[in-house]
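Chains as they are written, first to last, in the UniProt record's numbering: chain A, 1 to 594; chain B, 1 to 594.
The next block holds one structure in the form of structure tokens; read it before the comments.
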């Protein structure tokens, strides 16, 4: 079974986003609709045949630390070998480093199949691609040749090493230190000492080498250690050094997680001996800026993973609901009449449709964001590219958080539809929930995303990016206003978006600057719903034009759009009220009173 | 550490519910405030010392089926032996069967400590008490002496056997059959054959015997098998027969759960051989009615367990938030300034206060319901008792569901506050979530509770019970209207309650009868919030009168009440709108379109 509907992905990519038009651009000129579709089909097949089969066993047999080495389930390595063999590590990379140079929107859609089939196994290539892209964009040629290209081939895997036990979200407080040790063929060389926490893929025996990207305090050009984030640089620290010897990097312990268990997660000690050898990427003090290239990609990928998990739960609980007979329609009093499938019960319908709205809405959101990545790279002119960049910046915290937050709501419904069976490990849905629960935490918690959205992305540029979003929404509502079935939704969306903008303006006029972020989470959640509603209206517009040969898809999209607008979107009103009024019902309470 | 604040329980029981007044009633005349407090303190100590220590190990070492017998962690048996020794199995039973004859509200508060410390271990006495109460109320003397009294002593444990693999919520469709076999000292005897699913405590080696209460189809007085639920009777089926031989009951398999793992959960086969021997309780055809005595108690106990889990997550995440330094106040740009405890961050405050509102609100709801049980049994006159019975009937689906639904919201916050640590099994909060996730499923799913609330409890008596609730709320709002700090909340609550009643009336005027239950879940959730807001206003009124020696408790209650009214209660508006308008955005969609 496909956990993500190929028909729906085709609708999103071709009917809605018209990805074939990208092949008219030079960067994607080697491709065609056929090559896109071939990649998508191959991904779906491979995900089903190699990633899905060890979903449960990788959960039951989590990574173990044996004699200082991490052992993972062999099926994970086997699946990733096939993934590498088929070239998927290379899918989104430029040809000059051995990549397939696919548009981001296509490679993301392909990757969604792998995330849905086995999120924990998919995390290895997700991290590897992000790591290699930092090296390709900011590393010197030797660094690219030595550590990026083998990742594009899938021979080396990558990690990102930011957090420390005492510094999670607060990177200014990291203690890892890098001491300069001259330079060599690979750039400026350092000795690094420190402890890094929450390192996914931090050790394993799957890949030939592991490429760690490490944030560390380091002196500037003048030998001075700058305070806070200005004093942080980025280093490439391979597990195996170019001369074939082991670097001074050791696994200090494994974290035993609620879910996502196939992805090993470690505490790593850098420099228990003389110091791990690392080479600086970019300039001193640029560490956080460079790492955020990887982080921003990772945040979109977190959204993709969460959307994929929502989709899988939807697909599996729908299948269960269609097959499980239980009870009878309201008013049918004859106990000898046949039972109906539970999908016909109103409460189950509500939970199925809610999942469909979340899963397909989140997938649309993530793919739209991925299409902005392509626009930033290959847009027609500088203005177009700058506009896409501003919009993606604004949407990144939403793309990370909305699927993470509501994907769990969807997964909760998937469990509930299964009843007692959904609570057992004999079925998949409880694991889907557990796997997905990481997504609101890693790569910046929900609270961090809220402050990024409201503080940096909305207020930071005085609403410029928000204005661009407004223009894009207005294009959609103008088209929808001309379609009788969609006109009311268009008006509603305009109203909610304008309310959201007004709420932010009122907040800025009302609140003490130190208290502007008190309801940042409400802003993130409200605009997440508004953006998702917008993309549902986009889907409805596209679906509306489909002919009767695709009536099931068309009418399903229209019904789900209506559901989202009537049942979900109005929740925004109360959130915006809290935001607008600078509600301090929580923030004003002294913590002594808890 | 106490997972539930003794200070808060004392506030709820003494300051608010004034339980000492119960000792003026004949039934509780042997007790005093001192004996109540001694029981509560003993429960808190015992829960901490014997239930809490094996919380994690019972999760990691779940029950196993070895040679047809179920093995559980020895620490569970040890804890329950101490629990029995201290008389807790007997706490809520009348003296004539060896009970302590405590008020339900006091024994429930004591039991909350055990649920918080280890919900899965607490499930054994919870089921045992419910089972014994059915026997005490409906069994004959021989049945009481043989199977109820040893449960009151904690020597035998009890189960409830309702569901079958093909019949979960739909009990009319059970297939288990009982064939009459004359009568003996224990009553009318039958041979029973069938398979029962989801049997918590279905087998174990902890107790001397296991008393199964089994729903089964059985012929009526005239030997005719009535169709549907009219043909169902209730049977007591002991694992070990009175003559010391094994009954024909076998474990067919264990369910491996997401959480709640210390409670063994089985598929039981009754009558693989000649048929299990069982004795009928009550009259033929009364099965469901009698079992619902146990079920109604179990539903309140589910709410209690969910409230206790919410409370534990609140307590533990608050402790973590107070101790974990991370980041700095907004506007503090000096990276060398000390980090603040995360409890000071606005987003963490919101999650802590939300948990406090849910945990203490749910505990108030459950204890209020338990106080109605006492009122039904010992109220001054028949009218008082009938009124309490109607009110408890109305509140039971809310008491079961609201703590279950929002306890998970609270637990989700508890994980989020812990960040990455909260996602690991090294901390407790992910397990608390997993344990608690069962509560919206068992003893009637959320969807079933919604239909029970709106269909049976509100519409079934033409609003009579709802009117009683309205009168009780009006008493509270009249008092609160006289307190300036609470007057606006009183007006808000009145408004929401009236809106809720009006929504139901409008729905009945508008909707096709077959579609009346389409938004039953919205009704349940909305009235859950309204009832919880009412009980928060009750708590605020009580707290408002406390003097400065209890300022921390007083001001914390007032702040949390304000939070609930400003942040939570307004969500009801949209739910009532969906209800009132008979929204069919989900129900009208053909399931083919999913």
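Glycine included, C-beta positions come from ideal geometry on N, C-alpha and C.
Burial state of residue 99 (chain A) (16 or more Cβ within 10 Å)
As a working mapping, residue 99 (chain A) is identified with position 99 in the first chain. Buried.
Range of the contiguous beta strand (DSSP E) that encloses residue 364 (chain B):
Translated into positions along the second chain, residue 364 (chain B) becomes position 364. Note, residue 364 (chain B): premise wrong, no beta strand (DSSP E); alpha helix (DSSP H) at 346 to 378.
Could you confirm whether any beta carbon from chain B is found closer than 8 Å to the beta carbon of residue 177 (chain A)?
For the purposes of this step, residue 177 (chain A) is identified with residue 177 of the first chain, where counting begins at 1. No, because no Cβ of chain B sits closer than 8 Å to the Cβ of residue 177 (chain A).
Residues of its chain near residue 324 (chain A), where Cβ-Cβ distance is below 7 Å and the 5 sequence neighbours each way are ignored
Residue mapping note: residue 324 (chain A) aligns to position 324 of the first chain, counting from 1. The answer, listed in chain order, is 341 and 342.
Identified DSSP bridge partners for residue 137 (chain B)
As a first step, residue 137 (chain B) is located in the second chain; it is residue number 137 there, counting from the start. BP columns for residue 137 (chain B) are empty, so no partner.
Which one of B:372, B:60 and B:210 has the shortest CA to CA distance from residue 258 (chain B)?
Along the second chain, read from residue 1 onward, the residue named residue 258 (chain B) stands at position 258. Selected option, being the one with the closest Cα: B:60.
Under 9 Å from the C-beta of residue 571 (chain B): neighbouring residues of chain A:
Translated into the one-based positions of the second chain, residue 571 (chain B) becomes position 571. Near residue 571 (chain B) (Cβ distances below 9 Å), the residues of chain A are 571 and 574.
Please tell me whether residue 210 (chain A) and residue 203 (chain A) are closer than 8 Å, where the distance is taken between their beta carbons.
Walking along the first chain from the start, residue 210 (chain A) turns up at place 210. Walking along the first chain from the start, residue 203 (chain A) turns up at place 203. Yes, they are a contact pair.
Cα-Cα separation, residue 383 (chain A) to residue 28 (chain A):
By one-based count along the first chain, residue 383 (chain A) stands at place 383. By one-based count along the first chain, residue 28 (chain A) stands at place 28. Between residue 383 (chain A) and residue 28 (chain A), the C-alpha separation is close to 20 Å.
Do you know how far the Cα of residue 89 (chain A) is from the Cα of residue 205 (chain A)?
As a first step, residue 205 (chain A) is located in the first chain; it is residue number 205 there, counting from the start. As a first step, residue 89 (chain A) is located in the first chain; it is residue number 89 there, counting from the start. Spanning the two alpha carbons is a distance of roughly 18 Å.
How would you list, in chain order, the residues of chain C whose beta-carbon sits under 7 Å from the beta-carbon of residue 488 (chain A)?
Protein chains A and B are contained in the structure displayed, whereas chain C is not.
Residues sharing a beta bridge with residue 325 (chain B), DSSP:
The residue given as residue 325 (chain B) occupies position 325 in the second chain. Answer by DSSP bridge pairing, in chain order: B:341.
If you run the structure through DSSP and keep just helix, strand and coil, what is residue 427 (chain A)?
On the first chain, position 427 is the one that residue 427 (chain A) refers to. Coil.
If contact is defined by three or more beta carbon pairs under 8 Å, each pair taking one atom from either stretch, is the region 151 to 165 of chain A in contact with the region 287 to 306 of chain A?
yes
What number of angstroms, rounded off, separates the C-alpha of residue 45 (chain B) from the C-alpha of residue 101 (chain B)?
Translated into the one-based positions of the second chain, residue 45 (chain B) becomes position 45. Translated into the one-based positions of the second chain, residue 101 (chain B) becomes position 101. If you take the alpha carbons of residue 45 (chain B) and residue 101 (chain B), they lie about 21 Å apart.
Who does residue 279 (chain B) pair with in a DSSP beta bridge?
The sequence position of residue 279 (chain B) within the second chain is 279, counting from 1. In the DSSP output, where bridge partners are listed per residue, residue 279 (chain B) has B:189 and B:236.
Which of the three DSSP states is assigned to residue 264 (chain B) in this structure?
Here residue 264 (chain B) is taken as the residue at index 264 of the second chain, counted from 1. Here residue 264 (chain B) sits in coil by DSSP.
Any residues in the region 250 to 268 of chain B with a beta carbon nearer than 9 Å to a beta carbon of chain A? Which ones, in chain order?
255, 256, 257, 258, 259, 260 and 265
Take residue 170 (chain B) as the anchor and find which of B:444, B:245 and B:507 has the nearest alpha-carbon.
In the second chain, residue 170 (chain B) corresponds to position 170, counting from 1. Residue 170 (chain B) has its Cα closest to that of B:444, out of B:444, B:245 and B:507.
Taking CB distances under 8 Å as the criterion, tell me whether residue 26 (chain B) reaches chain A.
Counting from one through the second chain, the residue named residue 26 (chain B) turns up at place 26. Under the Cβ criterion of 8 Å, residue 26 (chain B) is not counted among the residues facing chain A.
Residue-chain proximity (residue 423 (chain B), chain A), Cβ-Cβ < 8 Å
Locating residue 423 (chain B) in the second chain gives position 423, where the first residue counts as 1. Taking Cβ atoms only, chain A reaches closer than 8 Å to residue 423 (chain B), which makes this a yes.
Just the chain B side, please: which residues come within less than 7 Å of residue 536 (chain A) by C-beta, in chain order?
In the first chain, residue 536 (chain A) corresponds to position 536, counting from 1. Within chain B, no residue comes near residue 536 (chain A); the closest Cβ sits about 13 Å away, beyond 7 Å.
Pop quiz: residue 298 (chain A) and residue 130 (chain A) are said to be a contact at Cβ under 8 Å. What is the actual Cβ separation, rounded to whole angstroms?
Position 298 of the first chain, counting from 1, holds the residue named residue 298 (chain A). Position 130 of the first chain, counting from 1, holds the residue named residue 130 (chain A). Right, their Cβ atoms sit about 5 Å apart.
CB-CB under 8 Å to residue 248 (chain A), same chain, minus the five flanking residues each way: which ones, in chain order?
Start at 1 with the first residue of the first chain, and residue 248 (chain A) comes out as number 248. Closer than 8 Å at the Cβ level, and outside the excluded window around residue 248 (chain A), lie 270, 271, 272, 273, 274, 275, 276 and 277.
What is the DSSP secondary structure of residue 159 (chain B), counted as helix, strand or coil?
As a position in the second chain, residue 159 (chain B) is number 159, starting the count at 1. Here DSSP, grouped into helix, strand and coil, assigns residue 159 (chain B) to strand.
CB contact below 8 Å: residue 350 (chain B) versus chain A:
Here residue 350 (chain B) is taken as the residue at index 350 of the second chain, counted from 1. Yes, residue 350 (chain B) counts as interfacial toward chain A.
Using beta carbons (cut-off 8 Å, strictly below), is residue 212 (chain B) in contact with chain A?
Taking the second chain and counting its residues from 1, the one referred to as residue 212 (chain B) is at position 212. Cβ-Cβ to chain A under 8 Å: no for residue 212 (chain B).
Kindly indicate which three-state DSSP category residue 91 (chain A) falls into: helix, strand or coil?
Sequence index remark: in the first chain, residue 91 (chain A) carries index 91 (1-based). In the structure shown, residue 91 (chain A) sits in coil (DSSP, three-state: anything other than H, G, I, E or B).
Any C-beta of chain B under 8 Å from that of residue 586 (chain A)
Taking the first residue of the first chain as 1, we reach residue 586 (chain A) at position 586. Chain B, which has a Cβ nearer than 8 Å to the Cβ of residue 586 (chain A), makes this yes.
Of the residues A:282, A:84 and A:464, which one's Cα is nearest the Cα of residue 137 (chain A)?
Within the first chain, residue 137 (chain A) is the residue found at index 137, counting from 1. Measuring from the Cα of residue 137 (chain A), the nearest candidate turns out to be A:282.
DSSP bridge partner residues for residue 194 (chain B) (one or two, in chain order):
Locating residue 194 (chain B) in the second chain gives position 194, counting from the first residue. Its beta-bridge partners are B:270.
Find the residues of chain B that neighbour residue 55 (chain A), judging by a C-beta separation of less than 9 Å, and give them in chain order.
Here residue 55 (chain A) corresponds to residue number 55 of the first chain, with the count starting at 1. Going along chain B, no residue has its Cβ under 9 Å from residue 55 (chain A), so there is no contact; the nearest lies around 15 Å.
Would you call the CB atoms of residue 420 (chain B) and residue 287 (chain A) closer than 8 Å?
As a first step, residue 420 (chain B) must be located in the second chain, where it is residue number 420. As a first step, residue 287 (chain A) must be located in the first chain, where it is residue number 287. No; because the gap between Cβ atoms is not below 8 Å, this pair is not in contact.
Using beta carbons (cut-off 8 Å, strictly below), is residue 594 (chain A) in contact with chain B?
For the purposes of this step, residue 594 (chain A) is taken as residue 594 along the first chain, with counting starting at 1. Yes, because at least one Cβ of chain B sits closer than 8 Å to the Cβ of residue 594 (chain A).
Could you give the DSSP three-state label for residue 2 (chain B): helix, strand or coil?
Position 2 of the second chain holds residue 2 (chain B). In the three-state reduction of the DSSP assignment, residue 2 (chain B) falls in the coil class, being assigned neither a helical nor a strand state.
Considering only the alpha carbon of each residue, which of B:166, B:513 and B:427 lies closest to residue 57 (chain B)?
As a position in the second chain, residue 57 (chain B) is number 57, starting the count at 1. With distances taken between CA atoms, residue 57 (chain B) lies nearest to B:427 out of B:166, B:513 and B:427.
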